[in-house]
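All remarks here apply to the structure that follows.
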Ligand code: HEM
Ligand SMILES: [Cu+2]
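Given below as structure tokens:
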């Protein structure tokens with residue numbers, strides 16, 4: 001990276017970190033909403049409906065996808081193209097599996113009659129975890145675009161830049177998930 | 001009024017019909033003029049631009065248009081309230097609720113915000129020696145989100161589905177049970193889309209101010225407008241994000257059967273908390289940039305450096321910080337308990353301290369200065385006493401026990417118009433007159449400027465001063481009529497006269513713009529004998545500025561170089577310039593959000609899904625068309 005590229009990248013990095021700050025505030029308000037409204041005075045209770053198995057499995061895939069992304073990024077730096085591609089591919093795969101678990105979880109809640117409007121706990125659960133899942137879905141699309149960019153052979157510095165921005169996003173989404181485990185699920189699974 | 005169109009029976013109230021007729025006629029005139037003068041190319045140029053000055057012009061243009069629109073609402077309000085037991089046109093009952101809702105919402109979100117963002121867009125880069133905002137493309141996206149959000153809000157009126165929930169959208173009124181029509185959805189999505197744009201612009205301004213200053217332009221040397229823009233941007237990031245989530249939750253309540261704000265378990269007070277955690281900082285988002293404008297204007301026209309520069313910056317930061325700890329002063333009568341009320345009363349009173357410091361510093365800036373009474377300076381001088389009055393009633397309102405008397409009366413209406421109009425609106429006028437040459441290359445006429453100023457100031461006090469008294473007499477806000485007791489009739493009539501006087505004063509402003517355009521006397525770089533960097537570039541500011549790049553050596557460096565008869569030193573050691581592009585994508589991105597919201601509002605989910613799909617496609621196109629590709633070294 002030359003100096004001009006570095007400067008532009010630093011602009012973008014700063015802008016993106018601010019954006020993640022905005023996202024953090026968004027999630028903070030949703031966590032607050034969840035804490036205020038959970039547990040609800042009637043209707044389904046978190047301790048009745050949450051299943052440890054789904055949470056553990058989905059967490060395993062999402063959290064390790066941060067690791068595979070990190071490995072992939074490192075491989076790109078040391079010009080090991082194949083390892084990089086595998087890393088990004090596994091990250092995407094894990095993200096898709098995670099999303100599958102989320103869809104499964106939501107669908108089974110709805111099937112049991114615990115929809116959005118059943119009580120305030122369910123409402124605040126869906127808007128929070130659902131927004132996070134939407135972020136994962138967006139990330140999957142983003143990774144697909146990254147693959148395209150890679151095979152289009154855009155300038156390598158530019159590609160590295162795009163990859164770093166994505167990885168900030170992805171790690172952020174993971175951190176939010178850690179908070180979701182700690183605040184949404186764990187207190188009612190223990 | 002009932003009529004049949006294409007075999008469908010349509011029922012439209014006469015005011016909506018009048019709006020259709022008026023808009024269609026005006027639209028026809030505009031289209032005719034555009035075609036006659038062959039200006040389609042110009043419109044296209046602005047649709048694809050990412051240049052900060054042009055985007056600033058767009059913000060200002062639409063801010064002014066909406067100012068007339070929301071001002072018309074104000075005149076309807078005042079005409080309805082002109083006499084006791086009055087029945088003006090249709091504006092009673094629900095119609096009155098609609099008219100104050102659109103008035104308040106538009107004034108805050110679609111008048112004050114875009115005008116300030118427009119000024120920041122045009123001026124801040126020039127003041128700090130940046131060649132553009134850090135992310136020109138994102139800047140355009142921000143504008144078009146504002147644009148489509150505001151259009152979305154506005155079409156509700158033409159469909160006779162105007163929101164009627166006040167600018168505060170209080171639950172449970174705003175939930176589906178009580179306002180089942182689409183009106184509240186127009187409110188939700190209109191604010192959501194435009195608020196997202198505002199967040200992007202704030203982010204952009206922060207990166208610009210932090211990373212794109214000219215060599216030597218330390219933070220501690222920036223003009224105060226740049227400083228207040230920076231601090232305001234931080235407030236926007238927090239406040240508008242909280243609003244976004246509040247609207248997001250309300251959307252789920254209304255459209256998807258969630259129950260956050262109503263029902264047996266939901267809590268309407270939670271909406272109030274979220275709204276005011278946004279809402280109070282919002283009034284500082286409106287006021288602080290105006291403070292910055294006044295500081296620059298007063299210093300220029302007093303031929304003195306602003307008094308107590310570090311204190312000015314610190315007090316703005318302190319106001320911004322305290323602004324987040326006072327929200328519940330809007331909720332004193334909710335019953336949060338004496339502890340909470342006392343806490344919020346005290347924090348509110350504390351804000352008077354930094355604000356007072358600023359007022360004194362403006363006065364000290366003028367003291368012993370060589371004062372020139374130009375129009376921007378007149379607006380600044382009008383601001384000081386008017387704003388202080390609003391501040392005083394603010395401290396009165398902060399006494400939580402007394403607020404039980406003031407709450408929801410016209411006393412509050414008087415208070416917040418005194419602060420908002422005195423700071424934001426007068427500040428915007430001062431800024432527009434002051435920077436008009438930088439934006440267009442012309443100076444506005446001083447004589448008409450004075451007419452504009454005096455009629456506006458007198459009209460303003462005439463409108464709102466009597467409301468203090470009617471409010472203390474117990475006249476409630478948001479109620480469309482009153483009976484003739486306790487001298488309310490005379491006072492209200494005075495208010496109405498004042499409102500029309502303000503209406504007249506805006507005609508002077510328009511006439512001024514027209515006259516200046518017709519006469520077309522171009523001015524040089526520095527018509528006001530200015531102090532800060534923006535006056536070193538050509539008027540209007542060209543697309544490529546600061547070439548060569550000046551080196552700043554202190555506060556008001558341009559002024560000192562000028563006084564010493566020298567030129568500012570220059571350098572070619574310049575950081576990378578933001579990459580400008582021409583692209584229609586920002587416009588298209590904004591429009592997809594418009595249609596997405598339309599689909600959600602009317603449960604046309606196919607439209608939402610289609611728009612969302614197009615939106616993501618556009619994002620992919622954006623990524624593939626990244627202008628950086630051509631500037632970065634190719635891969636071997
Ligand atoms: C230009 C002349 C203006 C006039 C004559 C005017 C008049 C009024 C009146 C009489 C009301 C109270 C309606 C009621 O409660 O029954 C009102 C409400 C309001 N005004 Fe203005 N106003 C003006 C300008 C502005 C400006 C510049 C702003 C902000 C930038 C503003 C913001 C508001 C807001 C937020 C409300 C509260 C709406 C609500 O209750 O939801 N107004 N205005
Ligand atoms: Cu407040």
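Protein chains in written order, with the UniProt record's numbering: chain F, 1 to 190; chain B, 1 to 636.
For each residue, glycine too, the CB sits at the ideal point set by N, CA and C.
Please read all numbers here as calculations on a predicted model, not as lab measurements.
Q. Could one say the Cβ of residue 398 of chain B lies closer than 8 Å to chain F's Cβ atoms, at least one of them?
A. Output row for residue 398 of chain B: interface = no.
Self-check item: Cβ-heavy atom distance, residue 41 of chain B to ligand 1, below 7 Å
Solution: No, the Cβ of residue 41 of chain B stays beyond 7 Å of every heavy atom of ligand 1.
Find out if the Cβ-Cβ distance for the pair residue 122 of chain B, residue 451 of chain B is shorter than 8 Å. In this structure, the beta-carbon distance from residue 122 of chain B to residue 451 of chain B does not fall below 8 Å.
Could you tell me if residue 69 of chain B is buried or exposed, where buried requires 16 or more neighbouring beta carbons within 10 angstroms of its beta carbon? Burial call: buried.
Reduced DSSP secondary structure (H/G/I, E/B, other) of residue 1 of chain F: Here residue 1 of chain F sits in coil by DSSP.
Inset, instruction - Taking 8 Å as the threshold, find out whether the segment 159–175 of chain F comes into contact with the segment 9–24 of chain F through three or more Cβ pairs. - result: Contact holds between the segment 159–175 of chain F and the segment 9–24 of chain F, because three or more Cβ pairs, one in each stretch, are under 8 Å apart.
Original post:
Would a check of beta-carbon distances place residue 623 of chain B closer than 8 Å to chain F?
Top reply: Closer than 8 Å to some Cβ of chain F, the Cβ of residue 623 of chain B qualifies, so yes.
Start and end of the alpha helix (DSSP H) containing residue 245 of chain B?
-> Start and end: 224–255.
Here's a check: name, in chain order, each residue in its chain whose Cβ is nearer than 6 Å to the Cβ of residue 548 of chain B, leaving out the five neighbours to either side. Around residue 548 of chain B, the same chain offers 570 as residues with beta carbons nearer than 6 Å, after the five sequence neighbours per side are excluded.
inquiry  = According to DSSP, is residue 636 of chain B part of a helix, a strand, or is it coil?
reply    = Per-residue confidence for residue 636 of chain B stands at a pLDDT of 37, beneath the threshold of 50, marking its modelled position as unreliable; the derived number appears in the next sentence. Three-state DSSP puts residue 636 of chain B in coil, outside helix and strand.
- Message: Let's test the definition: count the other Cβ atoms within 10 Å of the Cβ of residue 632 of chain B and tell me whether it reaches 16, buried, or not, exposed.
- Response: It is buried - the Cβ of residue 632 of chain B has at least 16 other Cβ atoms within 10 Å.
query: What span of residues does the alpha helix (DSSP H) with residue 184 of chain F cover, start to end?
result: Bounds of any alpha helix (DSSP H) do not take in residue 184 of chain F, whose DSSP letter is neither H nor E.
Per DSSP, residue 570 of chain B forms a beta bridge with which residues?
Answer by DSSP bridge pairing, in chain order: B:550.
Nearest to residue 252 of chain B (by Cα), restricted to the options F:131, F:5, F:160 and F:183: Between residue 252 of chain B and the set F:131, F:5, F:160 and F:183, the nearest pair of CA atoms involves F:131.
Exercise. Could you spell out the range, first to last residue, of the alpha helix (DSSP H) harbouring residue 410 of chain B?
Key: Residue 410 of chain B -> alpha helix (DSSP H) spans 410–419.
* Are the C-beta atoms of residue 122 of chain B and some chain F residue less than 8 Å apart? -> Not closer than 8 Å to any Cβ of chain F, the Cβ of residue 122 of chain B fails to qualify, so no.
Tell me which residue opens and which closes the alpha helix (DSSP H) that residue 467 of chain B is part of.
Run containing residue 467 of chain B: 446–472, per the alpha helix (DSSP H) assignment.
**Study point:** Identified DSSP bridge partners for residue 522 of chain B
**Key:** Partner(s): B:442.
### Query
At a Cβ threshold of 8 Å, is residue 128 of chain F touching chain B?
Not one chain B Cβ lies under 8 Å of residue 128 of chain F.
* Which residues in chain F sit within 7 Å of residue 690 of chain B, going by Cβ to Cβ distance? -> There is no way to answer for residue 690 of chain B, as the model of chain B reaches only from 1 to 636.
**Prompt:** Can you list, in chain order, the residues of its chain whose CB lies under 7 Å from that of residue 16 of chain B, leaving out five sequence neighbours each side?
**Reply:** Here the set comprises 157, 158 and 160.
By the three-class DSSP mapping on this structure, what secondary structure does residue 180 of chain B have? Three-state DSSP puts residue 180 of chain B in coil, outside helix and strand.
Let me make sure I understand the geometry here. Which of B:373, B:599, B:349 and B:384 has the alpha-carbon closest to that of residue 360 of chain B? That would be B:384, whose Cα lies nearest to the Cα of residue 360 of chain B.
When you measure from the CB of residue 153 of chain B to every non-hydrogen atom of ligand 1, does any distance come out below 7 Å? Not so, every heavy atom of ligand 1 lies at least 7 Å from the Cβ.
_Quick check: residue 592 of chain B and residue 131 of chain B, are their CB atoms within less than 8 Å of each other?_
In terms of Cβ geometry, residue 592 of chain B and residue 131 of chain B do not form a close pair [threshold 8 Å].
Which residues of chain F have a Cβ atom closer than 7 Å to the Cβ of residue 629 of chain B, listed in chain order? Result: 154, 155 and 158.
Give me whichever residues DSSP pairs with residue 476 of chain B in a beta bridge.
-> Answer is B:409, bridged to residue 476 of chain B.
Q. Alpha carbon to alpha carbon, how far is residue 97 of chain F from residue 173 of chain F?
A. The alpha-carbon atoms of residue 97 of chain F and residue 173 of chain F are separated by roughly 15 Å.
Residue of B:215, B:601 and B:486 minimising C-alpha distance to residue 471 of chain B = Nearest C-alpha to residue 471 of chain B among B:215, B:601 and B:486: B:486.
message: Closer than 8 Å is the cut-off here; do at least three beta carbon pairs connect the segment 177–195 of chain B with the segment 235–250 of chain B?
response: Between the segment 177–195 of chain B and the segment 235–250 of chain B there are three or more C-beta pairs closer than 8 Å, enough to call the two in contact.
**Prompt:** The alpha helix (DSSP H) spanning residue 212 of chain B covers which residue range?
**Reply:** No alpha helix (DSSP H) contains residue 212 of chain B, which DSSP labels as neither H nor E.
Practice problem: Anything in chain B within Cβ reach of residue 119 of chain F, meaning under 8 Å, just list it in chain order. | Solution: The answer, in chain order, is 259 and 265.
ask   = Between residue 636 of chain B and residue 10 of chain F, what straight-line distance do the alpha-carbon atoms span, to the nearest angstrom?
value = For residue 636 of chain B, the pLDDT reaches just 37, beneath the cut-off of 50, and the residue's location in the model is therefore unreliable, leaving the point undetermined.
Would residue 125 of chain B pass as a contact of residue 580 of chain B if the rule is Cβ separation under 8 Å?
-> Taking a C-beta distance under 8 Å as the contact criterion, residue 125 of chain B and residue 580 of chain B do not qualify as a contact pair.
ask   = When the distance is taken between beta carbons, is residue 236 of chain B closer than 8 Å to residue 284 of chain B?
value = Contact: no.
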